[in-house]
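Read through the structure below, which is laid out as structure tokens, and then see the notes.
So this is what it looks like as structure tokens:
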């Protein structure tokens, strides 16, 4: 929700004021639970310089948001179901790993079939994907 | 099952610097892009003091992943 931009406080407060239903994501978790980034980063040692930069940006966001907003950011669930749709950040099992662009039906079914919804929407990978379907 | 990805609102990594969201109309997904003042956001990044603001600003401006 609020890491890496100029206005983390304004974003979180606006979402709260609107009363939007949200799901938690990995960059939210690394703000209210910093060790989450370390746990993920240890699996990609060659990318440590990037993670060091991400860690510094997250520390600034964390300090700007303050304890009360960080506590609120820990509350959203991993899954929101609305009608026939389930919304997740990466998957219902992980905030940090999701199918990359161009996944096959088998991978989508394996990751999102567990949700048992006609429509599943996820984010995490930054890239749009429309209308991919699985059996 | 239909699976769609929202993409990122501000860092779509597709070379398009416009903001983005996913609209479900009768459960049919459609990506919508919205022009916003990218220069203003980059100026805000530079003035509000986060570390590595230039790096984030390059990604916002280019709409692509950039090395720190």
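Protein chains in written order, with the working numbering: chain A, 968 to 1102; chain B, 14 to 81. Even glycine gets a Cβ: it sits at the ideal position worked out from N, Cα and C. Quantities reported herein were computed from a predicted structural model and do not represent experimental measurements.
CB contact below 8 Å: residue i versus chain B
i, result
"residue 1095/A", "yes"
"residue 1142/A", "Absent from the model: residue 1142/A. The displayed extent of chain A is 968 to 1102, so no value can be given."
"residue 982/A", "no"
"residue 1086/A", "yes"
"residue 1069/A", "no"
"residue 1051/A", "yes"
"residue 1075/A", "yes"
"residue 1058/A", "no"
"residue 974/A", "yes"
"residue 971/A", "yes"
"residue 1024/A", "yes"
"residue 992/A", "no"
"residue 1080/A", "yes"
"residue 986/A", "no"
"residue 1090/A", "yes"
Rounded distance between the beta-carbons of residue j and residue i, thought under 8 Å
i, j, result
"residue 1085/A", "residue 14/B", "6 Å"
"residue 35/B", "residue 20/B", "7 Å"
"residue 81/B", "residue 1097/A", "Incorrect: roughly 30 Å between the Cβ atoms, too far for contact."
"residue 970/A", "residue 1028/A", "5 Å"
"residue 58/B", "residue 1093/A", "That belief does not hold up - the Cβ atoms of residue 58/B and residue 1093/A are roughly 18 Å apart, past 8 Å."
"residue 996/A", "residue 1054/A", "Incorrect: roughly 17 Å between the Cβ atoms, too far for contact."
Beta carbon proximity, residue i to chain A, threshold 8 Å
i, result
"residue 32/B", "no"
"residue 77/B", "no"
"residue 74/B", "no"
DSSP beta-bridge partners of residue i
i, result
"residue 42/B", "37/B"
"residue 1089/A", "18/B"
"residue 1037/A", "Residue 1037/A is not bridged to any residue."
"residue 1054/A", "1047/A, 1088/A"
"residue 1095/A", "19/B"
"residue 2/B", "Shown here, chain B extends from 14 to 81; a query on residue 2/B therefore has no answer."
Any chain E beta carbon closer than 8 Å to residue i
i, result
"residue 1093/A", "Looking at the structure shown, chain E is missing, and the protein chains on hand are A and B."
Exercise. Listed from N- to C-terminal order along the chain, which residues in the segment 998-1022 of chain A have their beta-carbon within a distance smaller than 9 Å of any beta-carbon of chain B?
Worked result: The residues in question are 1016, 1017, 1019, 1020, 1021.
Exercise. At a Cβ cut of 8 Å, what residues of the segment 26-55 of chain B count as close to chain A, listed as they run along the chain?
Worked result: Those residues of the segment 26-55 of chain B placed with their C-beta closer than 8 Å to a C-beta in chain A are 26, 27, 33, 35, 37, 40, 41, 42, 43, 44, 54, ordered along the chain.
Exercise. Which parts of the segment 983-1036 of chain A are runs of the alpha helix (DSSP H), unbroken and 4 residues or longer, counting only runs that do not cross its ends?
Worked result: 993-999, 1002-1008
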